[in-house]
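J.:
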Amino acid sequence: MFIKTEFFLRRTVRCLLASGALVVLAACSSPASHGADVNAHEAAAPIAPIAPDAGPGMLAYADRVRLMPPAALGAEVARLGEAMTPAAQLQLALALGQLRQLPELIRAQELLARVLGNPEAQPLHALARLLAARYGEQRRLEEQLEKQTQQVRELQRKLDQSNERLEALKAIERSLTSRPAAPLPPARRVRPGP
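This note's numbering runs 117 ahead of the 1-based position in the sequence shown.
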């Protein structure tokens with residue numbers, strides 16, 4: 118009987134705690150008075166309007182650049198040259214990123230940093246941050262690949278040296294087994310004494 122009472126007591130306490138938590142959560146989510154709501158909207162930082170063609174236009178450009186052959190990419194990079202406007206800098210960064218070479222990737226990251234540092238380029242910041250993160254990861258992976266390639270070359274060199282030593286040891290072993298056996302010295306006969 119005592120066990121059932123303790124069980125129901127614990128269950129009741131748990132239910133009361135759960136309902137108390139729900140009341141607290143409901144109080145947190147209840148709408149504020151209308152005056153406070155207006156003040157909250159006025160205090161919120163104004164969000165910069167995004168140019169309607171900035172995002173889709175850049176994405177369309179990125180898709181075009183992605184499909185370009187290497188020669189056309191080189192021509193596009195030359196055409197954009199030292200871009201001065203944030204949009205042109207972002208386009209140049211997209212083109213440089215498609216070249217898949219470490220120096221161009223570093224240059225693309227520098228261009229993206231300029232775009233992110235320009236407050237007038239606010240509509241492009243989200244895309245620039247995304248590209249900067251992607252290029253940073255790509256750069257890290259390419260550096261890691263280069264290190265692994267060097268390690269493979271070093272291991273291959275050591276393997277070749279070990280194989281050369283093994284072949285030299287095999288040659289020494291063959292030369293030792295191919296020699297004729299040395300004749301045994303004549304056995305001394307013991308003469309019986311007089």
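For glycine and all other residues, C-beta sits at the position ideal for the given N, C-alpha and C.
Quick check: what's the CA-CA separation for A285 versus E271?
T.: Spanning the two alpha carbons is a distance of roughly 21 Å.
J.: Excluding five sequence neighbours on each side, which residues of the same chain lie with their C-beta closer than 6 Å to the C-beta of P148?
T.: Residue confidence is low: P148 scores 45 on pLDDT, short of 50, so the model does not pin down where it sits. No coordinate-derived value is stated.
J.: Mind checking G214: buried by the 16 CB within 10 Å criterion, or exposed?
T.: Looking at its Cβ environment, which holds 16 or more other Cβ atoms inside 10 Å, G214 is buried.
J.: Can you look up S292 in the DSSP assignment and give me helix, strand or coil?
T.: The answer is helix: DSSP assigns S292 an H, G or I state.
J.: Hey, A210 and L229 are a contact pair by Cβ (cut 8 Å); roughly how many whole angstroms apart?
T.: Right, their Cβ atoms sit about 5 Å apart.
J.: Could you tell me the alpha carbon to alpha carbon distance between A195 and D277, rounded to whole angstroms?
T.: Taking the straight line joining both Cα atoms gives about 45 Å.
J.: Going by the CB atoms, is the gap between L233 and L207 shorter than 8 Å?
T.: Result no, Cβ atoms of L207 and L233 do not sit closer than 8 Å.
J.: Could you give the distance in angstroms between the alpha-carbon of R181 and the alpha-carbon of Q218?
T.: Rounded to whole angstroms, R181 to Q218 spans 19 Å at the Cα level.
J.: Express the C-alpha separation of Q273 and I289 in angstroms, rounding to a whole number.
T.: Taking the straight line from one Cα to the other gives about 24 Å.
J.: So which of P203, L176, M175 and E221 has the shortest CA-CA distance to G191?
T.: The option with the nearest alpha carbon to G191 is E221.
J.: Grab the span of the alpha helix (DSSP H) containing L211 for me, first residue to last.
T.: Looking at the DSSP string, the run of the alpha helix (DSSP H) that includes L211 is P203 to Q215.
J.: Would you tell me roughly how many angstroms separate the C-alpha atoms of L262 and R224, rounded to the nearest one?
T.: One C-alpha to the other measures close to 20 Å.
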